[in-house]
Amino acid sequence: MATPGPAPTTTLGDVLGAFRRLDDPATPLTASDVAAEVDCSRRTAFGKLETLADDGVLRTKKVGARGRVWWRPAGDPVGAAGMVTVVVDASGAVVRANDRARRLGIDVDTPAQSAMQGTADGPLERAVRTGEPVTGERIRLPTAGGGHVRLAAAVDPRTDADGDVTRVVVTGVDVTRKAARLQRLERGRDDLRSELDAVLDRVTDAFYALDEEWRFTHVNERAAEILQRTEASLLGERLWTEFPEAAEGAVWERFHEAMETQEAVTFELFYDPLDVWAEVTAYPSETGLSVYFRDVTERKERERALEASEARYRTLAETATDPILTADDEGTIRFANPAVEDVFGYDPDELVGESLATLMPGVSRIRREGFGRFLDSHARWTDPSGVELSGVRTDGQEIDLRVSFSDWTLDGDRRFTGIVRDVTEQRERERELAAQREQLATLNQLNGVVQRITHAVIESSTRDDIEALLCERLAASDAYRFAWIGSIERESTGLRVRATAGVDDDFDAGTITAGADLSGDDPIRRAIRTGTMGTARRLDDRVADADWLRHALRNGARSVAAIPIAYDDTLQGVLVLGSERPTAFDSDERAVVGHLGEIVGHALTAIEHKRALTSESVVELQLRVTDLFDSTVDSVRFDGAVPAGDGTFLTYGTVPEAAPETPASIAEALPHAEGVTVLDTDDGHTRFEIPLSEPPTTSLIASYGGRVESAIAEDGDYEMVVHLPREADVRGLVRSVRTRYPATEVVAQRRTTAPKRPIRRVESVFDQDLTERQQTVLEVAFFAGFFSWPRERTGEEVADSLGISPPTFHQHVRAGERKLMRALFADDARRPWS
Numbered sequence: 019m020a021t022p023g024p025a026p027t028t029t030l031g032d033v034l035g036a037f038r039r040l041d042d043p044a045t046p047l048t049a050s051d052v053a054a055e056v057d058c059s060r061r062t063a064f065g066k067l068e069t070l071a072d073d074g075v076l077r078t079k080k081v082g083a084r085g086r087v088w089w090r091p092a093g094d095p096v097g098a099a100g101m102v103t104v105v106v107d108a109s110g111a112v113v114r115a116n117d118r119a120r121r122l123g124i125d126v127d128t129p130a131q132s133a134m135q136g137t138a139d140g141p142l143e144r145a146v147r148t149g150e151p152v153t154g155e156r157i158r159l160p161t162a163g164g165g166h167v168r169l170a171a172a173v174d175p176r177t178d179a180d181g182d183v184t185r186v187v188v189t190g191v192d193v194t195r196k197a198a199r200l201q202r203l204e205r206g207r208d209d210l211r212s213e214l215d216a217v218l219d220r221v222t223d224a225f226y227a228l229d230e231e232w233r234f235t236h237v238n239e240r241a242a243e244i245l246q247r248t249e250a251s252l253l254g255e256r257l258w259t260e261f262p263e264a265a266e267g268a269v270w271e272r273f274h275e276a277m278e279t280q281e282a283v284t285f286e287l288f289y290d291p292l293d294v295w296a297e298v299t300a301y302p303s304e305t306g307l308s309v310y311f312r313d314v315t316e317r318k319e320r321e322r323a324l325e326a327s328e329a330r331y332r333t334l335a336e337t338a339t340d341p342i343l344t345a346d347d348e349g350t351i352r353f354a355n356p357a358v359e360d361v362f363g364y365d366p367d368e369l370v371g372e373s374l375a376t377l378m379p380g381v382s383r384i385r386r387e388g389f390g391r392f393l394d395s396h397a398r399w400t401d402p403s404g405v406e407l408s409g410v411r412t413d414g415q416e417i418d419l420r421v422s423f424s425d426w427t428l429d430g431d432r433r434f435t436g437i438v439r440d441v442t443e444q445r446e447r448e449r450e451l452a453a454q455r456e457q458l459a460t461l462n463q464l465n466g467v468v469q470r471i472t473h474a475v476i477e478s479s480t481r482d483d484i485e486a487l488l489c490e491r492l493a494a495s496d497a498y499r500f501a502w503i504g505s506i507e508r509e510s511t512g513l514r515v516r517a518t519a520g521v522d523d524d525f526d527a528g529t530i531t532a533g534a535d536l537s538g539d540d541p542i543r544r545a546i547r548t549g550t551m552g553t554a555r556r557l558d559d560r561v562a563d564a565d566w567l568r569h570a571l572r573n574g575a576r577s578v579a580a581i582p583i584a585y586d587d588t589l590q591g592v593l594v595l596g597s598e599r600p601t602a603f604d605s606d607e608r609a610v611v612g613h614l615g616e617i618v619g620h621a622l623t624a625i626e627h628k629r630a631l632t633s634e635s636v637v638e639l640q641l642r643v644t645d646l647f648d649s650t651v652d653s654v655r656f657d658g659a660v661p662a663g664d665g666t667f668l669t670y671g672t673v674p675e676a677a678p679e680t681p682a683s684i685a686e687a688l689p690h691a692e693g694v695t696v697l698d699t700d701d702g703h704t705r706f707e708i709p710l711s712e713p714p715t716t717s718l719i720a721s722y723g724g725r726v727e728s729a730i731a732e733d734g735d736y737e738m739v740v741h742l743p744r745e746a747d748v749r750g751l752v753r754s755v756r757t758r759y760p761a762t763e764v765v766a767q768r769r770t771t772a773p774k775r776p777i778r779r780v781e782s783v784f785d786q787d788l789t790e791r792q793q794t795v796l797e798v799a800f801f802a803g804f805f806s807w808p809r810e811r812t813g814e815e816v817a818d819s820l821g822i823s824p825p826t827f828h829q830h831v832r833a834g835e836r837k838l839m840r841a842l843f844a845d846d847a848r849r850p851w852s
């Protein structure tokens, strides 16, 4: 199959031309009608139609549940309100402008500046060159102040007696602000797309996305591995071209079914070219298909092995190694083989003359009507597959049996022989398999719910949206009865319920006191205390010793889980789930839903960080911890703290050279300090490094979206100046700091303007493009004096403090330097870093 060349670009004029060619320009058209008329995709036609509607060139309305039509108002090519009219001569000079145009800064008094764009493809140049009207185009015109405005306009050329175009009349509406807003939205869309790509790459299932033309738009690492192709080789290529075998079977049929019905499909298939079995789930949308699949080859092999095992078991059941019993028409045992003792515990000889009901109580009723008549009227008892009965051993233990009877004649008397199989263990296995299948079905559904929640969380922009969405999606699934989220109230007696689904409107989480009460054993206390998921299974009134647990029972829950919502060791809340399954939240389910705490914690922190980065107005908070250090600790500046991995944080600071004992005094005063290292002495100051085994206060402040602007120690007191987003929970932050340092006091709180950061590109690279390890290595190297000249510490010394090899250290340094330098000097700041 040949690969088609690039499709010609479809312009707004092409789309508008579809309406001009109608007998009645006001006739409504759908996106499909326009796509067929101008030979483009429906998605492209839809986008152009929306642009023309936004600009006022076309009108639109919704039709039915999902349909939409567009039409061109008769005699109104570009919209009537706020019309701009400008006359431009053939050289590009503005020679006339109406009042609306002059209010926008367009006038004949504008300094000489050509309105032409300097290329043959511009709307004005095209109208002058061809003498044909141009409609539905964006036109840029200069203003007196040296700027420009953008118009959605029609251009009508006017000719002289010789037929030469002497001027053009431009009539349109001002879309300058719309164009700027569209540019901002496109940048935001690109940012969200990058974040989505990152999240999709972390999805454990194989995943790829197709557009409406069946072209690959995303392929995660697991999918590339199973498909045995690289992501780069697939992106932009058609599925049916790259994998032609897929166009001849279930994949083609089910994918087209999903797109036609707009309903998800799930199926299994064996793909011979790759020699794998796959379980495929495809989620359709108007713009394409999202495909999740997993390699289930091992599972299929296990199923085939189990089927073979069961077949062998049935064969053995029909051999003489199984118990064989022969009875007369009254059900009296006439013969029992030696295998009877293995199953029932009876000696075969002592059974002769006894009733079959001794071994199988269920056959006692048969004696009343005769064994022969009963078997004649109950064909299933003589079926080779047998009938299931309950048996009893000599010790009274009940066992499950499968018995197949056949009849024969001995000296004119009917005899009935039954081959007996003890299926007790098999039934137990079947019950276990049924439970496992139920568990797998639950896990499969949960995986889908978690994946959809993950996608939706990325698109949410506020904490309230994320928390409400999380609760609603989980409570709507078959796995859970309810879901609610509580935020930690450190100075109150309980959790503050922030979002709920599936519970009463007046639900209250009850009392969970901070401090010593957190030593309790209910799931919420364990989650808050340990930072890991807490669960309670097989709930009843005897174990429900908290108000919220009793409420869970009343709402039908028999198992509950409390999942900490946290990021970077900072607890932001608790997600509580209730399930009617008594044995819910086993290890596999915990792994699936527990991941939600990390996803939501990361998303909430990202929202706070984004708010802090984009806000020019901040809250400046000045905090003081009195008598934190010895009074001899004076004139100390804390330069920064860097996470070094394995839960260790390296804190750096500077003291006067005349106070050599001060670093040691600081280390002694900090409860989680693990020694101190003096790095160097220069210009009358001594620099030091203190490793901490717990996150410093700067990490706590960062979790609230803030940053420390300065931190000093004077006369034993510790002071910080912190900048926070305007919407940040200042009281919550102060409470958190006081939890660590009770002597903390607020010295000042004011609104101020954040300092301008002229190198935001470098900050963006540092926050988004550098790996976590590269950030750590660069920060530790800087504060340790590796970049000073002469160097205060060698690369080998810094590598040793980080616990890595010197070559690895230098590799991280070079990679980080290259990304930061490109941020400073590259022409295109948005170009991805290598």
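Numbering-wise (this note's numbering), the sequence shown opens with residue 19 and increments by one.
Just so it is clear, CB atoms sit at the ideal spot from N, CA and C, and this is done for glycine as well.
| message | DSSP three-state label for W258, please. | response | Here residue 258 corresponds to residue number 240 of the sequence shown, with the count starting at 1. Note: W258 maps to helix in three-state DSSP.
| task | Could you check if D733 is buried or exposed, using at least 16 other CB atoms within 10 Å of its CB as the buried criterion? | result | The residue you call residue 733 lines up with position 715 of the sequence shown. That one is exposed.
| query | Quick one: what's got a C-beta closer than 8 angstroms to F616's C-beta in the same chain, skipping five residues either side? | reply | Locating residue 616 in the sequence shown gives position 598, counting from the first residue. Reading off the sequence shown, one finds Glu at residue 616, where the question assumed Phe. The answer, listed in chain order, is A584, Y585.
| field | CB-CB length for G520 against R499, believed under 8 angstroms | value | Start at 1 with the first residue of the sequence shown, and residue 520 comes out as number 502. Start at 1 with the first residue of the sequence shown, and residue 499 comes out as number 481. Indeed, because the Cβ distance is near 6 angstroms, the residues count as touching under 8 angstroms.
| query | DSSP on P825, reduced to helix/strand/coil? | reply | Start at 1 with the first residue of the sequence shown, and residue 825 comes out as number 807. P825 falls in the helix class under three-state DSSP.
| Roughly how many angstroms lie between the CA atoms of I437 and V358, to the nearest whole one? | The residue you call residue 437 lines up with position 419 of the sequence shown. The residue you call residue 358 lines up with position 340 of the sequence shown. For I437 and V358, the distance between alpha carbons rounds to 10 angstroms.
| request: Quick one: grab the DSSP three-state call for H690. | output: Translated into the one-based positions of the sequence shown, residue 690 becomes position 672. In this structure, H690 counts as coil in the three-state DSSP scheme.
| field | Three-state secondary structure assigned by DSSP to A36 | value | Numbered from its first residue, the sequence shown carries residue 36 at position 18. In the structure shown, A36 sits in a helix (DSSP, three-state: H, G or I).
| request: Below 7 angstroms CB to CB, which residues in the same chain sit around A241 once its five sequence neighbours on both sides are set aside? | output: As a working note, residue 241 is residue 223 in the sequence shown. If the five residues before and after A241 are omitted, its C-beta is found closer than 7 angstroms to the C-beta atoms of A224, F225, Y226, all from its own chain and listed in chain order.
| field | Classification of Y331 by the beta-carbon crowding that lies within 10 angstroms, buried from 16 upward | value | For the purposes of this step, residue 331 is taken as residue 313 along the sequence shown, with counting starting at 1. Note that Y331 scores a pLDDT of 41, beneath 50, so its modelled location is shaky; the value from the coordinates is reported in the next line. So Y331 counts as exposed.
| query | Helix, strand or coil for P5 per DSSP? | reply | Since the first and last residues shown for the chain are 19 and 852, residue 5 lies out of range.
| query | DSSP beta-bridge partners for S373? | reply | Residue 373 sits at position 355 when you count from the first residue of the sequence shown. Paired residue(s): T350.
| query | So, V113 versus V102, is the Cβ gap smaller than 9 angstroms? | reply | Along the sequence shown, one-based indexing puts residue 113 at 95. Along the sequence shown, one-based indexing puts residue 102 at 84. Going by C-beta atoms, V113 is not nearer than 9 angstroms to V102.
| field | Beta-carbon gap between A276 and A300 smaller than 9 angstroms | value | By 1-based counting over the sequence shown, the position of residue 276 is 258. By 1-based counting over the sequence shown, the position of residue 300 is 282. Taking 9 angstroms as the Cβ cut-off, A276 and A300 qualify as a contacting pair.
| Whole beta strand (DSSP E) runs in the segment 608-693 with 3 or more residues, listed along the chain? | 635-643, 654-663, 666-674
| request: Select from D360, G363, F353 the residue whose C-alpha is nearest the C-alpha of E862. | output: No information on residue 862 is available, as it lies outside the stretch 19 to 852 that the chain covers here.
| When burial is assigned at 16 or more other CB atoms within 10 Å of the CB, is S109 buried or exposed? | Your numbering for residue 109 matches position 91 in the sequence shown. The residue in question, S109, is exposed, as its Cβ has fewer than 16 Cβ neighbours within 10 Å.
| Backbone secondary structure at E406 - three-state DSSP | Locating residue 406 in the sequence shown gives position 388, where the first residue counts as 1. DSSP places E406 in strand when its eight states are reduced to three.
| query | Are the beta-carbon atoms of G549 and D664 separated by less than 9 angstroms? | reply | Residue numbering aside, residue 549 sits at position 531 when the sequence shown is read from its first letter. Residue numbering aside, residue 664 sits at position 646 when the sequence shown is read from its first letter. Cβ distance not < 9 angstroms, so G549 and D664 don't count as in contact.
| field | Boundaries of the beta strand (DSSP E) in which S251 is found, first to last residue | value | Here residue 251 corresponds to residue number 233 of the sequence shown, with the count starting at 1. Per DSSP, S251 belongs to no beta strand (DSSP E); it is in the alpha helix (DSSP H), 249-252.
| Is it buried or exposed for F37, if we count other Cβ within 10 angstroms and need 16 for buried? | The residue labelled residue 37 in the question sits at position 19 within the sequence shown. Counting Cβ neighbours within 10 Å, F37 comes out buried, since at least 16 surround it.
| said: The beta strand (DSSP E) that contains G363, what's its start and end? | reply: To locate residue 363, count along the sequence shown from 1; it is residue 345. Taken as a continuous stretch (DSSP letters only), G363 belongs to no beta strand (DSSP E), as it is neither H nor E.
| request: Name the two residues that bound the continuous alpha helix (DSSP H) containing D107. | output: Start at 1 with the first residue of the sequence shown, and residue 107 comes out as number 89. Careful: D107 lies outside any alpha helix (DSSP H), inside the beta strand (DSSP E) at 101-107.
| message | For W258 and A264, which I take to be in contact (beta-carbon distance under 8 angstroms), what is that distance rounded to the nearest angstrom? | response | Translated into positions along the sequence shown, residue 258 becomes position 240. Translated into positions along the sequence shown, residue 264 becomes position 246. About 7 angstroms; that satisfies the 8 angstroms criterion.
| Cβ distance (whole Å) where P141 is taken to contact V187 below 8 angstroms | Position 123 of the sequence shown, counting from 1, holds the residue named residue 141. Position 169 of the sequence shown, counting from 1, holds the residue named residue 187. Wrong, their Cβ atoms sit about 12 angstroms apart, outside the cutoff.
| Counterpart residues of P115 in DSSP-defined beta bridges | By one-based count along the sequence shown, residue 115 stands at place 97. Just to set this straight, residue 115 is Ala in the shown sequence, not Pro. In the DSSP output, where bridge partners are listed per residue, A115 has V104.
| D32 to A115, Cα distance in whole Å? | Numbered from its first residue, the sequence shown carries residue 32 at position 14. Numbered from its first residue, the sequence shown carries residue 115 at position 97. Spanning the two alpha carbons is a distance of roughly 28 angstroms.
| Backbone secondary structure at A474 - three-state DSSP | The count along the sequence shown starts at 1 and reaches residue 474 at position 456. In this structure, A474 counts as helix in the three-state DSSP scheme.
| From R811 to L697, what distance separates their C-alpha atoms? | For the purposes of this step, residue 811 is taken as residue 793 along the sequence shown, with counting starting at 1. For the purposes of this step, residue 697 is taken as residue 679 along the sequence shown, with counting starting at 1. Rounded to whole angstroms, R811 to L697 spans 8 angstroms at the Cα level.
| What runs of the beta strand (DSSP E), each 3 residues or longer, lie entirely inside the segment 707-767? | 725-732, 735-743
| request: Determine contact between the segment 702-710 and the segment 662-679, defined as no fewer than three beta-carbon pairs at a distance below 8 angstroms. | output: yes
| Bridge partner(s) assigned by DSSP for V187 | Here residue 187 refers to the residue found at position 169 of the sequence shown. V187 pairs with V105, D174.
| task | Could you check what DSSP says for E243 in three-state terms: helix, strand or coil? | result | Residue 243 sits at position 225 when you count from the first residue of the sequence shown. If DSSP states are grouped into helix, strand and coil, E243 belongs with the helices.
| query | Any idea if W807 is buried or exposed, counting beta-carbon neighbours within 10 angstroms, 16 or more meaning buried? | reply | By one-based count along the sequence shown, residue 807 stands at place 789. Exposed, since its Cβ has fewer than 16 Cβ neighbours within 10 Å.
| In the DSSP assignment, what residue or residues form a beta bridge with W295? | Translated into the one-based positions of the sequence shown, residue 295 becomes position 277. Paired residue(s): F288.
| query | What span of residues does the alpha helix (DSSP H) with R491 cover, start to end? | reply | Numbered from its first residue, the sequence shown carries residue 491 at position 473. Counting along the chain, the alpha helix (DSSP H) containing R491 begins and ends at 481-494.
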